[in-house]
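What follows is one structure encoded as structure tokens, with my remarks underneath.
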């Protein structure tokens, strides 16, 4: 069974630009969560989508948005990039159960903002 | 605001030694998970604990959830170089599907 794939793996952008990251979950998984990982702040929750609906949201500004398609693939968009947006962006897919929800993470997209 | 504090932040030990990593919070969690992340990869789930006081063993790793479901510990017996990595705890807030990750413990086991 194929794992979670994220594209692109690496991205370099300049301040003010926007970027779209893509995540393909494991087949059969309906939940996709996005996280930002930085050395200073660690791994922080951005949002979670389940069956095309945003079910939970973290404390990030509105420049960070996402969506999920009917095939469960998800995209994350960051507009008006800032230097501080440089990070590893991870997506995780799961069946969407509650307590024993096993999240499977992709390898991440390394975003560098110059 | 980081709600899950892990200690220690860094740990460098010799092969064969034992170690314990702690994950503490003032919040109550419905469940708590432990992950290990290696360079260039996403975190991989090791265990999920749900019941206060619950203890789970995975080979040389022992996980415990605090009685009040606010803290957890990970104990590794006879550490091996293959245990090297970043260990993360993640708590699930009651009634949500929102996971808060801990600050992380970077472990290095020397051969």
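Chains as they are written, first to last, in this note's numbering: chain C, 186 to 299; chain W, 16 to 126.
Even glycine gets a Cβ: it sits at the ideal position worked out from N, Cα and C.
In this text, all values refer to a predicted model and were calculated from it rather than measured experimentally.
Close partners of residue 241 of chain C in chain W (Cβ separation under 8 Å): 111, 112 and 113. Of the residues assessed, residue 263 of chain C falls on the buried side of the cut-off, its CB having 16 or more other CB atoms within 10 angstroms.
Within 10 angstroms of the beta-carbon of residue 126 of chain W lie fewer than 16 other beta-carbons, which makes it exposed. In the three-state reduction of the DSSP assignment, residue 98 of chain W falls in the helix class, which pools H, G and I.
In this structure, DSSP gives residue 270 of chain C a helical state, which the three-state scheme calls helix. Straight across, the Cα-Cα distance linking residue 253 of chain C with residue 38 of chain W is about 32 Å. Burial state of residue 286 of chain C is buried, judged by a 10 Å Cβ sphere holding 16 or more other Cβ atoms. It is roughly 13 Å from the alpha-carbon of residue 255 of chain C to the alpha-carbon of residue 208 of chain C. The distance from the Cβ of residue 288 of chain C to that of residue 277 of chain C is about 4 Å, consistent with a contact at the 8 Å cut-off. One finds 292 in chain C with Cβ atoms closer than 7 Å to the Cβ of residue 56 of chain W, taken in chain order.
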